[in-house]
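Heads up: the structure comes next, in structure tokens.
2 protein chains.
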Amino acid sequence: MIVVMTRWLDPDEQRTWRAFLTASRALMATLDRELQRDAGMPHAYYEILVRLSEAPGRQLRMSDLADATGGSRSRLSHAVARLAESGWVRREDCPTDRRGQVAVLTDQGFEVLSGAAPGHVDGVRQHLFDPLSPAQIDQLRRISEALVAHLEPDHPTG
Amino acid sequence: MIVVMTRWLDPDEQRTWRAFLTASRALMATLDRELQRDAGMPHAYYEILVRLSEAPGRQLRMSDLADATGGSRSRLSHAVARLAESGWVRREDCPTDRRGQVAVLTDQGFEVLSGAAPGHVDGVRQHLFDPLSPAQIDQLRRISEALVAHLEPDHPTG
DNA sequence: GACATTTAGTTGAGCGTTCAACTATATGAG
DNA sequence: CTCATATAGTTGAACGCTCAACTAAATGTC
Chain Z
1 MIVVMTRWLD
11 PDEQRTWRAF
21 LTASRALMAT
31 LDRELQRDAG
41 MPHAYYEILV
51 RLSEAPGRQL
61 RMSDLADATG
71 GSRSRLSHAV
81 ARLAESGWVR
91 REDCPTDRRG
101 QVAVLTDQGF
111 EVLSGAAPGH
121 VDGVRQHLFD
131 PLSPAQIDQL
141 RRISEALVAH
151 LEPDHPTG
Chain D
1 MIVVMTRWLD
11 PDEQRTWRAF
21 LTASRALMAT
31 LDRELQRDAG
41 MPHAYYEILV
51 RLSEAPGRQL
61 RMSDLADATG
71 GSRSRLSHAV
81 ARLAESGWVR
91 REDCPTDRRG
101 QVAVLTDQGF
111 EVLSGAAPGH
121 VDGVRQHLFD
131 PLSPAQIDQL
141 RRISEALVAH
151 LEPDHPTG
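Spelled out as structure tokens, the structure:
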């Protein structure tokens, strides 16, 4: 039996990891707080509305919506239930698969989204893009895509 | 009254923002799941133990610990209560400020941390550092530090 | 065509975070 | 010294997410 020793993070890696942790956490916390304050919804719910608004007919199968927003089916089920209570999303039976459900963005949901979007985009600009140079923005895209490509293969969906 | 139009994200910015969102979410979700599975605690709690283990006497004032882990005092209060239930952290009155509390890492807490650390570091390596080139790792540090510098100034602490 | 397996989605409990309200002590102004 | 204010920390409710267990319908196999 061979036990491979853990290679610890050297000071530079330590610094990178903690900076990344602090930055992404602070960024998400800030955007979440802004969205909660201005639109009364967390960022995760905003994203659901965005994906629906972009889909043909402003509707999407639950599974597709779950994949698009990168969460479990369970999470989406709860989230759509909540969004339906608010009147921003409506559920419909899927005509082609009797197990399926389709989430539909309501007109009211579209209104709310339209009201929230400008402020949110301003926030993303202010907190993410403005502090970075064009070169850094490009680097961030490549880095993120490399990480996604590496992580995606096997992520459980609950 | 002047209303400044929101400048929407162009396709490139859109792509960068979504990639970053997906990457950081998937990364944190993965590390969280691994830590929960291997050590029975979420990443946020692991971080609390790490900070305590690094402090002189393995102890820290609640406020300092809250700042170090980048969360609200309320969150820390709840978290330390939970960690104390597990026997990993102990509270003590602060000798110099009678309002104050000191969180102390217990020997058992140190053991648990020592057991969890190798697996977690492996995870960070595997999911964050391995997919990136040395240049990208350097870029990520600079980008993260720029974002932190821009965000830190005013973040409410609840 | 019957039966095992897979897929779609829901449900409820448990947990961690947020928010607002609160207690208690420390600090600063007059 | 006194009173207003600021700081340290806690508390409970509301909320969103995870996990495991579950129902129901679709698909593959013999």
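First to last, the sequence lines map onto chains Z and D.
So for the first sequence, full-length UniProt numbering puts the first residue at 1; every next one is plus one.
So for the second sequence, full-length UniProt numbering puts the first residue at 1; every next one is plus one.
Cβ coordinates follow ideal geometry from the N, Cα and C atoms, glycine included.
Exercise for the section: Have a look at the DSSP bridge pairing and note the partners of GLN101 (chain Z). Expected result: As a first step, residue 101 (chain Z) is located in the first sequence; it is residue number 101 there, counting from the start. Answer is Z:ASP93, bridged to GLN101 (chain Z).
Problem - Cα-Cα separation, ARG51 (chain Z) to HIS78 (chain D) - result: Here residue 51 (chain Z) refers to the residue found at position 51 of the first sequence. Here residue 78 (chain D) refers to the residue found at position 78 of the second sequence. Each residue's Cα considered, the two are about 35 Å apart.
Handout entry: Below-7 Å beta-carbon distance, residue 159 (chain Z) vs any chain D residue
Key = Nothing about residue 159 (chain Z) can be read from this structure; chain Z reaches only from 1 to 158.
Practice task
Would you list the one or two residues that DSSP bridges to LEU60 (chain Z)?
Solution key: Here residue 60 (chain Z) corresponds to residue number 60 of the first sequence, with the count starting at 1. Paired residues: Z:ALA103.
Handout entry: Members of the segment 139 to 155 of chain Z that neighbour chain D once the beta carbon cut-off is set at 9 Å
Key = GLN139, LEU140, ARG141, ARG142, ILE143, SER144, GLU145, ALA146, LEU147, VAL148, ALA149, HIS150, LEU151, GLU152, HIS155
Problem - Whole-angstrom distance between PRO56 (chain D) and ARG141 (chain D), CA atom to CA atom - result: As a working mapping, residue 141 (chain D) is identified with position 141 in the second sequence. As a working mapping, residue 56 (chain D) is identified with position 56 in the second sequence. ARG141 (chain D) and PRO56 (chain D): Cα-Cα distance of roughly 27 Å.
Practice task
Verify the CB distance criterion: does ILE2 (chain D) have a CB-CB separation below 7 Å to chain Z?
Solution key: Residue 2 (chain D) sits at position 2 when you count from the first residue of the second sequence. No - not a single Cβ of chain Z is within 7 Å of the one on ILE2 (chain D).
Practice task
Grab the span of the alpha helix (DSSP H) containing PHE129 (chain D) for me, first residue to last.
Solution key: The count along the second sequence starts at 1 and reaches residue 129 (chain D) at position 129. Bounds of any alpha helix (DSSP H) do not take in PHE129 (chain D), whose DSSP letter is neither H nor E.
Problem - Burial state of residue 190 (chain Z) (16 or more Cβ within 10 Å) - result: The question about residue 190 (chain Z) has no answer, for chain Z in this structure spans 1 to 158.
Practice task
Take ALA66 (chain Z) and list the residues in its own chain whose beta-carbon comes closer than 8 Å to its own, dropping the five residues that flank it on each side.
Solution key: Position 66 of the first sequence holds residue 66 (chain Z). Only SER72, ARG73, ARG75, LEU76, THR157 meet the Cβ criterion.
Practice task
Tell me whether the beta-carbon of VAL102 (chain D) lies closer than 7 Å to the beta-carbon of GLN59 (chain D).
Solution key: Along the second sequence, one-based indexing puts residue 102 (chain D) at 102. Along the second sequence, one-based indexing puts residue 59 (chain D) at 59. Yes.
Handout entry: Per-residue contacts from ARG25 (chain D) into chain Z (C-beta, under 7 Å)
Key = In the second sequence, residue 25 (chain D) corresponds to position 25, counting from 1. Simply GLY70.
Exercise for the section: Could you spell out where the alpha helix (DSSP H) holding residue 200 (chain D) opens and where it closes? Expected result: Chain D is shown only over 1 to 158; residue 200 (chain D) falls outside these bounds and no answer can be derived.
Practice task
Return the chain-ordered list of same chain residues with a C-beta closer than 7 Å to the C-beta of ASP93 (chain Z), the five sequence neighbours on each side being excluded.
Solution key: Residue 93 (chain Z) sits at position 93 when you count from the first residue of the first sequence. Excluding residues within five positions, the ones whose Cβ falls inside 7 Å are GLN101.
Practice task
Give the DSSP-derived three-state secondary structure of ALA68 (chain D) in the structure shown.
Solution key: Here the question's residue 68 (chain D) lines up with position 68 in the second sequence. Correct three-state label for ALA68 (chain D): helix.
Exercise for the section: Could you check what DSSP says for PRO86 (chain D) in three-state terms: helix, strand or coil? Expected result: The count along the second sequence starts at 1 and reaches residue 86 (chain D) at position 86. The amino acid occupying residue 86 (chain D) in the given sequence is Ser; Pro does not appear at that position. SER86 (chain D) falls in the coil class under three-state DSSP.
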